[in-house]
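> One structure, pasted below without further comment.
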Amino acid sequence: MARSARRSRGFMVVSTFTAAPAITGTAQVGQTLTGSNGTIAGGVFASRRWFRDGVVIAGATAATYVVQAADVGKRISQEVTATVTATGGNVSKLSATTAIVIA
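Here it is in structure tokens:
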């Protein structure tokens, strides 16, 4: 579970994702994958990044990602970052990966 902790008025404030980010769609070239934000207790969505076999896909930060030829044979995942309301800090969580992308 992703966590962020900071002291606030002598108490430790911890935020966790209560539902992990997820990806829906078909892992096939030309198809659109849609990323959900997941849910974070005490936080709000801040940003997203898409990954190809664990490597950031340059410029891919939208809620959807169109599967590319470069993705064939690899798995796609997304990382969602949320801002913790109480502290202004950030907490991030990776989704599960897709199936191996096919042509």
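Counting along the sequence shown from 1, when you hit position 74 you're at 1029 in our numbering, and nothing is skipped either side. Backbone N, C-alpha and C define an ideal beta-carbon position, used for all residues, glycine too. Predicted, not measured: the structure shown is a model, and the values here were computed from it.
1) Determine the DSSP secondary structure at A1025, reduced to helix, strand or coil.
2) Could you name the residues that DSSP lists as bridge partners for V1011?
3) DSSP on A1054, reduced to helix/strand/coil?
4) CA-CA distance, A975 and G1009?
5) Quick one, are the C-beta atoms of G1028 and V1056 less than 8 angstroms apart?
6) Return the first residue and the last residue of the beta strand (DSSP E) that Q1033 is part of.
7) DSSP three-state label for T994, please.
8) Taking the straight line between their C-alpha atoms, what separation do you get for Q983 and G993?
Taking the structure as given:
1) helix
2) F1006
3) coil
4) 17 angstroms
5) yes
6) I1031 to V1039
7) strand
8) 23 angstroms
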